[in-house]
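One structure is given here, and the rest of the page talks about it.
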Amino acid sequence: MKDVLSKVNDVISKIAANAGLLNEDGKIELGFDDERMLIIVDVVGTLDECRFTYKGLHVSKEIARQFYRKTDWYGDVEEAKKRADMEGMKDWRKLCKSSPPKLDPRLRIIIGEMYMAATNELTKSRIFDVPRLADVVKKYQDYASMN
Numbered sequence: 066m067k068d069v070l071s072k073v074n075d076v077i078s079k080i081a082a083n084a085g086l087l088n089e090d091g092k093i094e095l096g097f098d099d100e101r102m103l104i105i106v107d108v109v110g111t112l113d114e115c116r117f118t119y120k121g122l123h124v125s126k127e128i129a130r131q132f133y134r135k136t137d138w139y140g141d142v143e144e145a146k147k148r149a150d151m152e153g154m155k156d157w158r159k160l161c162k163s164s165p166p167k168l169d170p171r172l173r174i175i176i177g178e179m180y181m182a183a184t185n186e187l188t189k190s191r192i193f194d195v196p197r198l199a200d201v202v203k204k205y206q207d208y209a210s211m212n
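Every number in our numbering is 65 more than the matching position in the sequence shown, counting from 1.
Structure below.
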């Protein structure tokens, strides 16, 4: 398993580097085929599976996580998890007193563009009609500095 993980990580890191991204952390899901041979069973190298950075800035679902960590809902989640743990409950969601707020519409657009621009860069294709990743990251930096 370690050998497979290492090889997959090396491939992801190389492709990411060619797109100007640093593969900070990733995950893969493994399983067995009918003959008990180890196989990869999920996608690899996506912004949802890896934590990529571009010149030190996150280019992954970590951006949405950071947004939600600043909300009251995040505090409610942490409180619900602690209470569930103390009460021996597995599903903390039943104890959470609020729902996650909607993403700021500007941030939602930036995240969408970031995913599409990263896809373009990683595949060396123009699949999506969006600005280059560097420009989207700059747009995110501007947004983050104002919020």
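Note that beta-carbon positions come from the ideal geometry of N, C-alpha and C, so glycine has one too.
Quiz item: Is I80 closer than 8 Å to V109 when the C-beta atoms are compared?
Solution: no
Quiz item: What first and last residue would you give for the beta strand (DSSP E) that runs through L103?
Solution: L103 to I105
Quiz item: For Y208, which residues from the same chain have a beta carbon less than 7 Å from its beta carbon, with the 5 sequence-adjacent residues on both sides left out?
Solution: R171, L172 and I175
Practice problem: Give me the Cβ distance between N83 and F117, rounded to the nearest whole Å; I'm assuming they're in contact under 8 Å. | Solution: Actually they do not touch by this definition, with Cβ atoms about 12 Å apart.
Quiz item: Who are the Cβ neighbours of A129 in its own chain at under 7 Å, not counting the five residues just before and after it?
Solution: L168 and I176
Exercise. Report the residue from R101, L70 and A183 whose alpha carbon sits nearest the alpha carbon of V22.
Key: Nothing about residue 22 can be read from this structure; the chain reaches only from 66 to 212.
Exercise. Return yes when the Cβ of L198 is within less than 8 Å of the Cβ of G96, no when it is not.
Key: no
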